[in-house]
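Asks: Read in order, the letters of the sequence shown correspond to residues 0 to 122 in numbering that gives the first Met the number 0. Just so you know, even glycine gets a beta-carbon here, dropped at the ideal spot from N, CA and C. No experiment lies behind these values; they were computed from the predicted model shown. Input: one structure, supplied below.
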Amino acid sequence: MARQVLLRPLNKFHLQPGDDAILLGSKKKKPTTDARLGQLTGLDPHSLQTRIDRLVDLSLLHRNSFEESLTPATQLTKAGRTMRKQLIAHWVELDEALMNDLSKVEKKQLQKTMKRFTRLLNL
């Protein structure tokens, strides 16, 4: 049930799990290099390329190069920027709903646990 709630905004917009990380990792109006998106998402170049191609097909991203160099990069389209805003609003709403019933002490403990969990995932 929790998984369905988490996937609801992705399903609503025909996104797959992890697509939100690419959209949220993309800068609002400037190109983001593939290397940077790879760092942010932890995806290997092939997996990242597959996802980017799908997001381009959905008209959420477009391909270009980073500034004057030929470094591969992507940029959010107008629809992509709108989608990014909607995803941010959804995750903020979910965060507030989850944290609303917790005391200050419980919130602090949860934040510490989540930081530790994130740090362990990055090892």
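Going by C-alpha to C-alpha distance, which of L119, L60, P30, K27 sits closest to D18?
Replies: Considering only alpha carbons, the answer is L60.
Asks: Opposite T31 in the DSSP bridges: which residues?
Replies: Beta-bridge pairing links T31 to T73.
Asks: Relative to the C-alpha of L6, which residue among S102, R118, L93 is closest?
Replies: When only C-alpha atoms are compared, the closest one is L93.
Asks: Using only the alpha-carbon positions, how far apart do L42 and A96 sit?
Replies: Their Cα atoms are separated by approximately 29 Å.
Asks: Anyone know if the C-beta pair for A78 and S58 falls short of 7 Å?
Replies: Contact flag set, yes.
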